[in-house]
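Here is the structure we will look at, set down as structure tokens.
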Amino acid sequence: MKVMDKTQLDKLFGAGYEVIAPVNTLGVVEYIKVTVPAQIEFDFYNSKKPAKSAFFPATEKMFDIKMQDRKAVSMDESLPEMKDTILFGIRPCDAGSLTYMDQLFNWEGFEDPYWNARREAVTVFTLGCSKVCPNSFCTSVGGGPKSKTNADVFVYEVGDKLVFEAITDKGSAALDKMGLEEATGAELEAAQNWEPAEPEVVDLDETPTKLDDRWPDEHWVDVSLRCLNCGICTFLCPTCHCFDIIDYKHRDKCARCRVWDTCQFDDYTVHASGHQPRETKQSRVRNRILHKFNYIPHNFDMFGCVGCGRCTSLCPVNIDLIETIQEVEK
Amino acid sequence: MSNVDKMREEAKKLVSECRFVVGYERGTFNHLDRALIAKTPEDVDKFVFGPTSIPNLTLYAVTDFRRPLKRGESPDARPIGIVCKGCDAKTIVELVREHIHARDQVKIIGMPCKGTIDPKKFAMLYGEDNDVKQITWGPDGFLVDGQAPKGDLLAGKCLHCKVRNPSVTDVDGMEQVDQPEAAGFEGIESFEAMDPEDRWRFFEGQFSKCIRCYACRNACPLCYCHQCSIDIQKPFNWTQKFTELPDNTFYHTMRALHLAGRCVDCGECERVCPMDIPLRLLNGKMAKVAYENFNIESGEDPDRPSLLGGCDPNDKECFIW
Ligand code: SF4
Ligand code: SF4
Ligand code: SF4
Ligand code: SF4
Numbered sequence: 000m001k002v003m004d005k006t007q008l009d010k011l012f013g014a015g016y017e018v019i020a021p022v023n024t025l026g027v028v029e030y031i032k033v034t035v036p037a038q039i040e041f042d043f044y045n046s047k048k049p050a051k052s053a054f055f056p057a058t059e060k061m062f063d064i065k066m067q068d069r070k071a072v073s074m075d076e077s078l079p080e081m082k083d084t085i086l087f088g089i090r091p092c093d094a095g096s097l098t099y100m101d102q103l104f105n106w107e108g109f110e111d112p113y114w115n116a117r118r119e120a121v122t123v124f125t126l127g128c129s130k131v132c133p134n135s136f137c138t139s140v141g142g143g144p145k146s147k148t149n150a151d152v153f154v155y156e157v158g159d160k161l162v163f164e165a166i167t168d169k170g171s172a173a174l175d176k177m178g179l180e181e182a183t184g185a186e187l188e189a190a191q192n193w194e195p196a197e198p199e200v201v202d203l204d205e206t207p208t209k210l211d212d213r214w215p216d217e218h219w220v221d222v223s224l225r226c227l228n229c230g231i232c233t234f235l236c237p238t239c240h241c242f243d244i245i246d247y248k249h250r251d252k253c254a255r256c257r258v259w260d261t262c263q264f265d266d267y268t269v270h271a272s273g274h275q276p277r278e279t280k281q282s283r284v285r286n287r288i289l290h291k292f293n294y295i296p297h298n299f300d301m302f303g304c305v306g307c308g309r310c311t312s313l314c315p316v317n318i319d320l321i322e323t324i325q326e327v328e329k
Numbered sequence: 000m001s002n003v004d005k006m007r008e009e010a011k012k013l014v015s016e017c018r019f020v021v022g023y024e025r026g027t028f029n030h031l032d033r034a035l036i037a038k039t040p041e042d043v044d045k046f047v048f049g050p051t052s053i054p055n056l057t058l059y060a061v062t063d064f065r066r067p068l069k070r071g072e073s074p075d076a077r078p079i080g081i082v083c084k085g086c087d088a089k090t091i092v093e094l095v096r097e098h099i100h101a102r103d104q105v106k107i108i109g110m111p112c113k114g115t116i117d118p119k120k121f122a123m124l125y126g127e128d129n130d131v132k133q134i135t136w137g138p139d140g141f142l143v144d145g146q147a148p149k150g151d152l153l154a155g156k157c158l159h160c161k162v163r164n165p166s167v168t169d170v171d172g173m174e175q176v177d178q179p180e181a182a183g184f185e186g187i188e189s190f191e192a193m194d195p196e197d198r199w200r201f202f203e204g205q206f207s208k209c210i211r212c213y214a215c216r217n218a219c220p221l222c223y224c225h226q227c228s229i230d231i232q233k234p235f236n237w238t239q240k241f242t243e244l245p246d247n248t249f250y251h252t253m254r255a256l257h258l259a260g261r262c263v264d265c266g267e268c269e270r271v272c273p274m275d276i277p278l279r280l281l282n283g284k285m286a287k288v289a290y291e292n293f294n295i296e297s298g299e300d301p302d303r304p305s306l307l308g309g310c311d312p313n314d315k316e317c318f319i320w
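As they're listed, the protein sequences go chains W and D.
Under numbering that gives the first Met the number 0, the first residue of the first sequence is numbered 0, with each subsequent residue one higher.
Under numbering that gives the first Met the number 0, the first residue of the second sequence is numbered 0, with each subsequent residue one higher.
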């Protein structure tokens, strides 16, 4: 294990990598590219915007389209130009979500070049959680504050110091380039014996099977009546990945882009005919919850939720995920 | 009888004659009660009211819960009952004068209110993960688990409120509360005094954060359009779904303009915004413009047409005439 002082964060930047790290932008903690250590935020439970935005930005160009006389004459794929990047300070739950996202974006032989380009360029530095996030239940869905899933490097916060543990070769290569000292003595011991507080356990093991026959509306009407059908719970969920594809046009410039979309919106699932098969609130809330706790478990053999608690904490009308599941399971 | 008991008693009477009565229940948050769409007297037993009864429930008077009608079936013509604070009752006035509801289609249980908390201030003072059980009204302000709060918790909108005792209600006999003097357009004036460049930079920063979840619009009871202009993509779109500054700016400008002189400052848009964008500044500025130019205040006089829904030949802008 390696160690450095929090004041030496410039070593992150000295290794020839670009750095994406948690930044507090006017009250919103999100993962964006940083150039100086002072931008990096440490004092947060979890970021408001999940770290998925580092791999799957809210707006991403897919194709450049050349126009002539208002007609498209050519269309070229536009892949993100990625330099080797350190994604520093991502929480274990967000790192955990990459297991599902990697499979989803490479499902049944289809490989998403945009996701993969970013994913391959990134070395993940997971930062262990020293405090329990409100409404989280990560340990109930296979994660936890010290989960090393998908981490290339695991970072322990020990007082004013950061202790780095290489998990993969990619991780140790990055640590080597940073030129850190070997951790010894008290710091090493503190990291090795670190036992963070964990959220309360919720029993979700049977949930995917229990939800099998919960499709009928009657189970969903009451739990969804007050829903606003805003996109908060889905846009800000680390495992939500839906996007829409739209063209940006300006004079003779045009780009085909993908933008985050959400099943909570009423223009989602509209057919070309204008027919909307998912018309009601209950059907949209049902889709969100069944997707994460029934369809993904059946298709990918894992939960579609990493238990970060964001959807519950940020829902403006207090639609509490766990409470809803328990209500529907009854 | 306390106001809360009275509220439950009246709601029980209404629940039998209404399609539903919407009130507040305790949810799983300590800082926010939530809507309960009550259809039986047992549901009404769960109703609560206090400084965490923040959401503007009149929203549920414009979101339709009617199921599609069977052939030959006539629509349910029963009214809707709503528990309203003063600011929420103003929304009803606005909805009535915009002909969204007939006044007798809405039964208002008007609740005198000593001000609600601002959940964001609460989280700042007590931490996001606190073990506070309940926030109540004491004789001089809020009590947090029975103790004086660590600091100011009052929601911004409540500083400007003139209707702590609702101006319209269908229930008499509630014990009234004191009405402190309402702040004018103070917050707006300091914002107006900013250098235009700085103000633009300020909003650039704020709008850039927007993720276009439309919670602000969906939580707004006055954004009741069946199809919002922002959602219209065909045959022509005003703007796109990109969460980039130009599109975000367009969205917010458009919404602010559509709410000019109509917004009742219930503060819901700002409260629900996950990105902490100070939306009340925009709507407040529009309210000020409407007041100064057309002498109109939203939700005040039910007999006067709404600013954008009416047409007055004496209006300042007389080029049409
Ligand atoms: S559950 Fe909450 S956050 Fe999700 S769409 Fe409904 S109101 Fe919005
Ligand atoms: S469903 Fe909710 S708790 Fe689960 S990963 Fe998504 S935001 Fe987090
Ligand atoms: S922003 Fe305008 S168009 Fe959209 S719902 Fe509100 S009033 Fe209607
Ligand atoms: S609620 Fe906030 S983030 Fe969502 S659309 Fe409105 S301003 Fe943007």
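From the three backbone atoms N, C-alpha and C, an ideal C-beta is built for every residue, glycine too.
Since the structure is predicted, the reported quantities are computational estimates derived from the model, not experimental observations.
Nearest chain D C-beta to residue i closer than 8 Å, yes or no?
i, result
"V27(W)", "yes"
"Q325(W)", "no"
"D175(W)", "no"
"D251(W)", "no"
"D243(W)", "yes"
"C229(W)", "yes"
"A57(W)", "yes"
"K5(W)", "no"
"P131(W)", "The displayed chain sequence assigns Val, not Pro, to residue 131(W). Yes, contact with chain D."
"F41(W)", "no"
"E197(W)", "no"
Which two residues bound the contiguous beta strand (DSSP E) that contains residue i?
i, result
"C253(W)", "K252 to W259"
"C83(D)", "I79 to C83"
"R33(D)", "R33 to A37"
"E59(W)", "T58 to Q67"
"L158(D)", "That residue, L158(D), is in no beta strand (DSSP E); its alpha helix (DSSP H) goes G155 to L158."
Along the alpha helix (DSSP H) that carries residue i, what are the first and last residues, could you check?
i, result
"Y59(D)", "L58 to V61"
"V333(W)", "For residue 333(W) there is no data in the structure shown, the boundaries of chain W being 0 and 329."
"A184(W)", "Looking at the sequence shown, residue 184(W) is not Ala but Gly. G184 to Q191 is the span of the alpha helix (DSSP H), which, as asked, contains G184(W)."
"D319(W)", "Looking at the DSSP string, D319(W) is not in any alpha helix (DSSP H), and its letter there is neither H nor E."
"N2(D)", "N2 to E16"
"E119(W)", "P112 to A120"
Say whether chain W places a C-beta atom closer than 8 Å to the C-beta of residue i.
i, result
"L221(D)", "no"
"Q239(D)", "yes"
"W320(D)", "With a pLDDT of only 45 at W320(D), under the threshold of 50, the placement of this residue in the model should not be trusted, and no figure is reported."
"Q205(D)", "yes"
"I36(D)", "yes"
"V271(D)", "yes"
"L31(D)", "yes"
"F202(D)", "no"
"T57(D)", "no"
"K161(D)", "no"
With residue i and residue j assumed to form a contact (beta carbons below 8 Å), what rounded beta-carbon distance in angstroms separates them?
i, j, result
"V140(W)", "V305(W)", "6 Å"
"T135(D)", "G71(D)", "Contact flag wrong, Cβ pair sits at about 51 Å."
"C232(W)", "C132(W)", "That pair is no contact at about 15 Å."
"C86(D)", "V263(D)", "6 Å"
"K113(D)", "V176(D)", "5 Å"
"N45(W)", "R309(W)", "7 Å"
"A165(W)", "V123(W)", "Contact doesn't hold; Cβ gap of about 12 Å is too wide."
Apart from the five residues just before and just after residue i, which ones in its own chain have a Cβ nearer than 6 Å to its Cβ?
i, result
"L126(W)", "G88 and V154"
"G80(D)", "L13, C17, V20 and K106"
Given a threshold of 16 other Cβ atoms within 10 Å of its Cβ, counted over all protein chains shown, does residue i qualify as buried or as exposed?
i, result
"K233(D)", "exposed"
"T208(W)", "exposed"
"F19(D)", "buried"
"T183(W)", "exposed"
"V200(W)", "exposed"
"D117(D)", "buried"
"A185(W)", "exposed"
Please work out which residues of its chain come closer than 7 Å, Cβ to Cβ, to residue i, disregarding the five sequence neighbours upstream and downstream, and give them in chain order.
i, result
"L281(D)", "H251 and A255"
"W320(D)", "No answer about W320(D) holds up, because its pLDDT of 45 lies below 50 and its placement is not dependable."
"D9(W)", "P36"
"Q7(W)", "none"
Tell me which same chain residues have a C-beta within less than 8 Å of the C-beta of residue i, skipping the five on either side of it?
i, result
"L307(D)", "H257, A259, G260 and R261"
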